[in-house]
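Participant: All residue numbers for the sequence shown refer to the numbering used here, where the first residue is 522 and numbers rise by one.
No residue lacks a Cβ here, since even glycine has one placed at the ideal position from N, Cα and C.
What you are looking at is a predicted structure, and each value in this text was computed from that prediction instead of being measured.
Dropping a structure here in structure tokens format, bear with me for questions.
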Amino acid sequence: MMPVPITVAIVDDEPLARLALKTRLAHRPGFELVVEYGDGDTAVQGLATLRPDLVFMDVEMPGRSGLEALRALSLDSRPMVILVTAYDSFALQAFDLAALDYLLKPVDDDRFDEALERARRAFLWHRKNEEVRLPAPASWTHTFTIRTGTRTVLVRAIDVERIEADGDYATLHAGGKTHLVREPLHLLAMQLDPLRFQRVHRSAIVRIDMVEELRALTNRDALLRLRDGSLLRASRTYMPALLEALDRHKSQDVSQARCG
């Protein structure tokens, strides 16, 4: 039995931007582009009628913006959303709309794949809840199995403070020790719980609660200081998702403190 494809809509007023997304999607199995729109007003009418599973929504468009278009849709007709924009100032609004991800133009291939993986997991989860017979969603990685010679070491994901790229492999930093994982960083980023971990650079993933200070840099990147004193650079491509994650983490801390 063939898996059910995830139907996709693209909303962007720039034809070249739509073409770039279409080209990428054409090389990703399991996703089927069903419609594209060049403005927010047309998108509201079309999305409510066609009800695609996922929409890539440009934030700023002439007339009705992408955010306004999403708010105009009822919750039961609103698809999964990946926001696409040239600006990084809409992260918190994306969070309010429960967007799956927030991509900055020009879209990076690795970030595009990470966003699609989030959509795939969310799609399978929703289909499961609707009692449709589909494979159960893959769980996030909870334990890393590290083999060094004849030894096997188990490292819990919650103990990992950061992960850094090491060529085609990656290095885990946990409890003052390092462990080499024979898997590239971009694949690890798709396997880790986004509520706990965020990719902050092409070469680094950080556990969200390890971030103690964020200092903006002039090129819209940021310098992160972790609780163990480590410094990491966060690139502008990953900043919106990181800011959203940090804000969500802060909100959870406040809620827990009030309950306590």
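#1: Which parts of the region 677 to 742 are runs of the beta strand (DSSP E), unbroken and 3 residues or longer, counting only runs that do not cross its ends?
#2: Can you check DSSP and say which residues form a bridge with residue 552?
#3: When you compare only the Cα positions, how much space is there between residue 667 and residue 720?
#4: For the alpha helix (DSSP H) that contains residue 755, what are its first and last residues?
#5: When burial is assigned at 16 or more other CB atoms within 10 Å of the CB, is residue 759 buried or exposed?
#6: Classify residue 592 as helix, strand or coil using the three-state DSSP reduction.
#7: Given this structure, state the Cα-to-Cα distance separating residue 732 from residue 661, to the nearest angstrom.
#8: Between the region 631 to 639 and the region 668 to 675, do at least 3 Cβ pairs fall closer than 8 Å?
#9: Quick one: give me the first and last residue of the alpha helix (DSSP H) that residue 621 is part of.
#10: Less than 7 Å between C-beta atoms, sequence neighbours within five positions excluded: which residues of the same chain meet that for residue 582?
#11: Pick out whichever of 756, 600, 767 has its Cα sitting closest to the Cα of residue 629.
#12: How is the beta strand (DSSP E) around residue 563 delimited, first residue to last?
#13: Assign residue 694 to one of two classes, buried (16 or more other C-beta atoms within 10 Å of its C-beta) or exposed (fewer than that).
#14: Could you confirm whether any beta carbon from chain C is found closer than 9 Å to the beta carbon of residue 692?
#15: Roughly how many angstroms lie between the CA atoms of residue 713 and residue 680, to the nearest whole one?
#16: Using the Cα positions of residue 590 and residue 541, report the straight-line distance between them to the nearest angstrom.
#17: Is residue 546 near residue 554, with beta carbons less than 9 Å apart?
#18: Which residue comes first and which comes last in the alpha helix (DSSP H) that contains residue 585?
#19: Is the distance from the Cβ of residue 724 to the Cβ of residue 685 below 9 Å?
#20: Does the Cβ of residue 674 have 16 or more other Cβ atoms within 10 Å, making it buried, or fewer, making it exposed?
#21: Alpha carbon to alpha carbon, what distance is there between residue 736 and residue 627?
#22: In whole angstroms, what is the alpha-carbon distance linking residue 687 and residue 708?
#23: Just reading off the alpha helix (DSSP H) that residue 748 is part of, what are its end residues?
#24: Which term fits residue 574, buried or exposed, when burial requires 16 or more other beta carbons within 10 angstroms of its beta carbon?
#25: For my contact list, residue 568 and residue 600 are in at a C-beta cut-off of 8 Å; report their separation, rounded to the angstrom.
#26: Where does residue 535 fall in DSSP's three states?
Facilitator: In short:
#1: 683 to 687, 690 to 695, 698 to 702, 718 to 722, 725 to 728, 732 to 737
#2: 527
#3: 21 Å
#4: Looking at the DSSP string, residue 755 is not in any alpha helix (DSSP H); the run it does join, the beta strand (DSSP E), is 752 to 755.
#5: With 16 or more other Cβ atoms inside 10 Å of its own Cβ, residue 759 counts as buried.
#6: helix
#7: 21 Å
#8: They do not touch, by the three-pair rule.
#9: Run containing residue 621: none; DSSP gives neither H nor E here.
#10: 534, 560, 561
#11: 756
#12: Residue 563 -> not in any beta strand (DSSP E); alpha helix (DSSP H) instead, spanning 561 to 571.
#13: buried
#14: Going by chain labels, chain C is absent from the structure shown, which holds only one protein chain.
#15: In a straight line, the C-alpha of residue 713 is about 13 Å away from that of residue 680.
#16: 22 Å
#17: yes
#18: Careful: residue 585 lies outside any alpha helix (DSSP H) and carries neither H nor E.
#19: yes
#20: exposed
#21: 23 Å
#22: 13 Å
#23: Per DSSP, residue 748 belongs to no alpha helix (DSSP H) and is neither H nor E.
#24: Label assigned to residue 574: buried.
#25: The C-beta separation of residue 568 from residue 600 comes to about 7 Å, placing the pair in contact by the 8 Å criterion.
#26: coil
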